[in-house]
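Since the structure comes first, as structure tokens, the remarks are kept for the end.
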Amino acid sequence: MNVKKKLITLIEILLVICIAVSGYKIGSYYLAGHQFTKEHEELKASIKEDTTDEHKKSEEKPNLVAQLKKDYPDMVGWIKIEGTAIDFPVVQGKDNDFYLNHTYKGEYHPFGEVFMDKDDKPDYSDQNTVLYGHNVRSGYVFHELEQFKDQSFRDAHPSITIDTVDGKKTYDIVAVYTASAYDPYRKPNYSEEEWEKFRAWVKGKNRLKGNLPGKEAHILTLSTCSDEEDRLVVHAVLRDEK
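For the sequence shown, this note's numbering begins at 3 and goes up steadily by one.
What follows is the structure in structure tokens.
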């Protein structure tokens with residue numbers, strides 16, 4: 003076999019290896035997405051079953067998050083944005099690393115879970131409560147937050163609901179922007195001076211109309227990766243709680 007034929011053979015072998023590796027990665031990614039969807043659908047189905055059982059025993063509507071917390075102690079809420087696929091449990095760990103790649107069951111999964119910052123109060127009583135979730139390009143977890151850069155999308159999906167152990171909270175989306183992972187948007191509480199500086203900073207970056215209100219408001223912040231260093235940030239203001 004001459005040098006040219008050897009080179010062609012080597013190239014063919016490398017191509018086969020590349021195709022095999024790519025196929026494996028695509029297959030694994032598809033399987034991860036399927037498992038992620040299945041787990042959350044099963045959890046939602048179990049909630050409906052529990053609700054039906056409870057209604058048979060009592061006329062009082064059961065607290066779903068409180069029910070889930072019995073089995074999953076890290077459970078602190080359920081987030082939903084109507085008209086999108088964002089409809090997930092919210093957990094809080096002892097650090098901000100574990101739920102990057104673990105489910106609410108504590109099992110490994112590359113998509114992780116939506117989770118609250120470890121420094122925030124689990125009852126959402128801080129001035130600023132921060133939730134994190136991966137930006138999975140195929141549409142999972144917080145990927146749809148990208149669409150809120152468009153004012154018309156925000157107008158069609160203006161609010162976020164959070165079910166908690168204490169009831170339901172509704173937040174109106176007021177700001178969307180890209181920030182560094184090290185920018186000061188994750189603090190639980192701000193002094194008056196810090197808050198005014200932060201409001202001015204957000205206003206300069208905001209892609210939407212309007213801005214954050216005064217310091218007395220309660221803010222929900224959603225954060226997801228935009229790239230390795232940047233984060234897409236969504237701020238919403240508490241409007242109602244029941």
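Quick reminder that beta carbons are idealized off the backbone N, C-alpha and C, glycines included.
Taking each of Q149, A238, C227, P190 in turn and checking the Cα distance to A177, the smallest one comes out for A238. In the structure shown, G114 adopts coil according to DSSP, grouped into three states. Nearest Cα to D165 within the set P91, L214, P75, E41: P91. Of the residues assessed, T39 falls on the exposed side of the cut-off, its CB having fewer than 16 other CB atoms within 10 angstroms.
In the displayed model, T86 falls within coil according to three-state DSSP, outside both helix and strand.
With a cut-off of 8 Å on Cβ pairs, the segment 136-156 is not in contact with the segment 193-202, counting fewer than three such pairs. Put simply, the segment 123-135 touches the segment 225-236. At least three CB pairs are less than 8 Å apart.
R139 counts as exposed, since fewer than 16 other beta carbons sit within 10 angstroms of its beta carbon. Judged by DSSP secondary structure, K205 falls within the alpha helix (DSSP H) whose first and last residues are 194-207. Excluding sequence positions up to five before and after G95, its CB lies within less than 7 Å of the CB of D76, Y101, F117, K120, all in the same chain and listed in chain order.
For a cut-off of 8 Å, the C-beta gap from L66 to K171 is around 14 Å, too long to register as a contact.
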